[in-house]
Amino acid sequence: MRLGVLDVGSNTVHLLVVDAHRGAHPWPAHSEKAVLRLAEQLTPDGALPETAADALVEAVGTARASATALEVDQLLAFATSAVRDATNSAQVLARVQETTGVRLEVLSGADEARMTFLAVRRWFGWSAGRLLVLDIGGGSLEIAAGVDEDPDVAVSLPLGAGRLTRDRLVVGPQSAVPPGPQVVQELQEYVDSLLDPVVEQLAEVSWERPVATSKTFRTLARLAGAAPSGAGIWTRRRLTRGGLRQVLGFIRHIAPAQLAELDGVSAARAHQLLAGAVVAESVMRRLGVDSLDICPWALREGVILDRLDRLAPE
1 MRLGVLDVGS NTVHLLVVDA HRGAHPWPAH SEKAVLRLAE QLTPDGALPE
51 TAADALVEAV GTARASATAL EVDQLLAFAT SAVRDATNSA QVLARVQETT
101 GVRLEVLSGA DEARMTFLAV RRWFGWSAGR LLVLDIGGGS LEIAAGVDED
151 PDVAVSLPLG AGRLTRDRLV VGPQSAVPPG PQVVQELQEY VDSLLDPVVE
201 QLAEVSWERP VATSKTFRTL ARLAGAAPSG AGIWTRRRLT RGGLRQVLGF
251 IRHIAPAQLA ELDGVSAARA HQLLAGAVVA ESVMRRLGVD SLDICPWALR
301 EGVILDRLDR LAPE
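All letters in the sequence shown, in the order written, are residues 1 to 314 by the UniProt record's numbering.
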């Protein structure tokens with residue numbers, strides 16, 4: 001069957017279309033996305049402004065039209081942190097459904113972590129043993145750990161790269177000056193403070209293979225020397241804590257407007273890279289992780305795999 005996954009994230013609205021059936025590798029047939037950066041547009045009272053809602057409705061409508069043209073059998077549409085946390089979430093979701101006919105399911109942070117964990121488990125297989133999975137999104141950080149396909153621990157923290165860039169670093173894509181040392185230090189302390197309870201929760205959990213997924217981790221790994229995307233998804237990529245520290249050490253002195261000039265850095269997310277690096281360094285340090293394997297599968301693939309698992313046997 002042909003499945004479409006519409007992921008309304010904190011940075012992008014991403015449509016992924018795959019051809020798949022139970023027990024098979026889901027092969028991508030089409031991918032398109034619109035960069036909205038919803039997490040950065042939330043107003044001081046936590047609402048999505050009308051301009052953001054307008055852009056979301058347009059992006060969802062365009063994605064649905066593409067899915068229809070591609071003869072998608074089923075469209076799985078969901079929203080994550082930015083829409084989930086918006087104080088006017090219900091109104092925005094209702095408007096999207098009324099205008100486009102697409103009903104967005106709002107995933108909880110724990111469900112995000114579980115779905116991502118499922119994708120990573122399927123990618124690496126049972127031989128990976130107990131997994132630790134880290135995922136830095138635009139609005140939140142997800143952490144999951146366990147030995148089965150359903151993790152023993154699945155938590156979400158408001159430590160997304162877009163959210164922290166807006167709230168703590170207060171920089172934009174065209175900022176010509178990097179955040180000052182004191183601002184970065186305060187961000188590090190803030191991230192550490194939110195990680196405290198999770199570190200305690202994971203103290204009794206062990207793992208054999210720490211894994212990271214998400215655009216933020218892939219970009220940091222590339223800057224630390226991992227193979228470029230052109231090398232293909234089967235190429236093994238890793239991010240060490242030492243390599244990450246070196247990356248963090250030099251990008252903190254580069255203006256957001258110039259970060260996009262670095263190899264492997266997306267122009268749309270360049271200004272969020274410093275916040276993402278701070279979160280990555282903090283979580284690796286606090287959990288005692290020296291090296292992470294980078295997984296090309298993440299939340300969207302997890303949603304697809306979960307849906308295929310629920311299909312009745314032929």
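Here a beta-carbon is modelled for each residue, glycine too, at the ideal position from N, C-alpha and C.
| Asked | Found |
| --- | --- |
| Can you tell me whether Phe132 is helix, strand or coil according to DSSP? | The sequence given here places Leu at residue 132; Phe does not occur at that position. Residue state, collapsed to three classes: strand. |
| What does the Cβ neighbour count give for Ile294, buried or exposed, with the cut at 16 atoms within 10 Å? | buried |
| Cα-Cα, which of Ala280, Trp207, Glu189, Leu16 is closest to Ala144? | Trp207 |
| By Cβ distance below 6 Å, which residues in the same chain neighbour Ala63 in space, the five residues on each side in sequence not counted? | Leu6, Leu15 |
| I'd like the ranges of any beta strand (DSSP E) spanning at least 3 consecutive residues and lying wholly in the region 24-95. | 27-35, 74-79 |
| Need the endpoints of the alpha helix (DSSP H) that Gly302 sits in, please. | 299-310 |
| Taking contact to mean 3 or more Cβ pairs, one atom from each stretch, closer than 8 Å, check whether the region 165-174 and the region 242-249 are in contact. | no |
| Do Asp73 and Leu118 have their CB atoms nearer than 8 Å? | no |
| Let me check understanding here. Comparing Cα to Cα, which of Gly129, Leu194, Leu259 lies closest to Pro173? | Leu259 |
| Count the other CB atoms within 10 Å of the CB of Ser193; is the residue buried (16 or more) or exposed (fewer)? | exposed |
| State the beta-bridge partners of Val5 as determined by DSSP. | Leu16, Leu76 |
| If Ala212 sits next to Leu141, beta carbons under 8 Å apart, how far is it from one beta carbon to the other, in whole angstroms? | In fact, because the Cβ distance is near 11 Å, the residues do not count as touching under 8 Å. |
| Verify the CB distance criterion: does His271 have a CB-CB separation below 8 Å to chain B? | Absent from the structure is chain B; it holds one protein chain and no more. |
| Only counting runs of 3 or more residues, tell me where the beta strand (DSSP E) segments fall wholly within the region 149-226, in order along the chain. | 153-157, 209-213 |
| Can you tell me whether Thr116 is buried or exposed, with buried defined as 16 or more other CB within 10 angstroms of its CB? | buried |
| How many Å lie between Val198 and Pro26 at the Cα? | 33 Å |
| Three or more beta-carbon pairs under 8 Å between the region 78-98 and the region 131-141, yes or no? | yes |
| Closest by CA to Gly249, which one among Thr43, Gly129, Arg37, Pro178? | Pro178 |
| Specify the secondary structure class of Val106 as computed by DSSP and reduced to three states. | strand |
| What residue range does the alpha helix (DSSP H) around residue 315 cover? | Because the chain spans 1 through 314 in this model, residue 315 falls outside it and cannot be assessed. |
| With distances taken between CB atoms, is the gap from Val265 to Ala161 smaller than 8 Å? | no |
| Got a sec? Which residues, its chain only, sit under 7 Å from Glu314 by beta carbon, not counting five neighbours each side? | Its pLDDT being 49, under 50, Glu314 is placed unreliably by the model, and nothing is read from it. |
| Out of Ser89, Arg121, Val57, which one is the CA nearest neighbour of Asp45? | Ser89 |
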